[in-house]
Amino acid sequence: MNFKEIRNFLVVLVVFLVIVLIFRFIADLMGETSPTGPIKIFSWIAGSLAALDIWERISR
Numbered sequence: 001m002n003f004k005e006i007r008n009f010l011v012v013l014v015v016f017l018v019i020v021l022i023f024r025f026i027a028d029l030m031g032e033t034s035p036t037g038p039i040k041i042f043s044w045i046a047g048s049l050a051a052l053d054i055w056e057r058i059s060r
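When we follow this note's numbering, the leftmost residue of the sequence shown carries the number 1, and every step to the right adds one.
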């Protein structure tokens, strides 16, 4: 792996983690206690899709 690929991976990882953490914070504020609740599942899906989109855009 070269520096560009490592940088791209780290950027995508940070974006994914930020999205998931924001949604988890919102879920906690709304009182969702289940780890498989709808907001937390949506956060993983939204984070994955956003990370994939960013990965494809910066890998060109």
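All C-beta atoms in this analysis are idealised placements derived from N, C-alpha and C, irrespective of residue type, glycine included.
Asked                                                                                                                       : Found
Per-residue DSSP class, three states only, for residue 35                                                                   : coil
Proximity to residue 19 [Cα-Cα], best of 8, 58, 37, 45                                                                      : 45
C-alpha distance - residue 24 paired with residue 36, whole-angstrom precision                                              : 11 Å
Residues of its chain near residue 30, where Cβ-Cβ distance is below 8 Å and the 5 sequence neighbours each way are ignored : 39
Host alpha helix (DSSP H) of residue 116 (start-end)                                                                        : Residue 116 lies beyond the range of the chain shown here (1 to 60); nothing can be said about it.
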